Structures are given as C-alpha cells and as structure tokens.
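Going by our numbering, the first residue of the sequence shown is number 14, and it counts up by one from there. Here a beta-carbon is modelled for each residue, glycine too, at the ideal position from N, C-alpha and C. Keep in mind the model is a prediction, meaning the values are calculated, not measured. Here is the structure we will look at.
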Amino acid sequence: MKKGNNKGEWSELYAFLKILAERKIFAADKNLEIIDGKFFV
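Structure below.
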C-alpha cells in the first residue's frame with residue numbers, strides 16, 4: 014500500500030520550517046490576538 018502526502022501534512026511541515034526559520038513563537042489570547050511583548054524563543 015502506497016502512503017501519500019495530503020495537503021495537511023505539507024502544511025504542518027511548512028509551519029514547522031517557518032517557526033524554525035523565524036526562531037520565535039508569539040503568545041496569543043483566546044481570540045488569537047497577539048499579546049504584545051510576549052513571545053517564546
């Protein structure tokens with residue numbers, strides 16, 4: 014059985030590589046608004 018890659022798997026890889034390249038993740042509230050001055054390295 015051949016395992017294929019779907020769009021979601023490629024999106025996860027892209028997001029992971031983008032986070033690695035930028036080297037920081039912003040904190041957000043429950044409405045996904047960025048909390049100023051707070052991020053994780």
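1) What residues in its chain sit with their C-beta under 6 Å from that of L30, if we drop five residues either side in the sequence?
2) When you compare the CB positions of A41 and I32, do they come within less than 8 Å of one another, or not?
3) Return helix, strand or coil for K31, following the three-state DSSP convention.
According to the data block:
1) So no residue of the chain qualifies.
2) At least 8 Å separates the beta-carbon of A41 from that of I32.
3) Shown here, K31 sits in a helix according to DSSP, grouped into three states.
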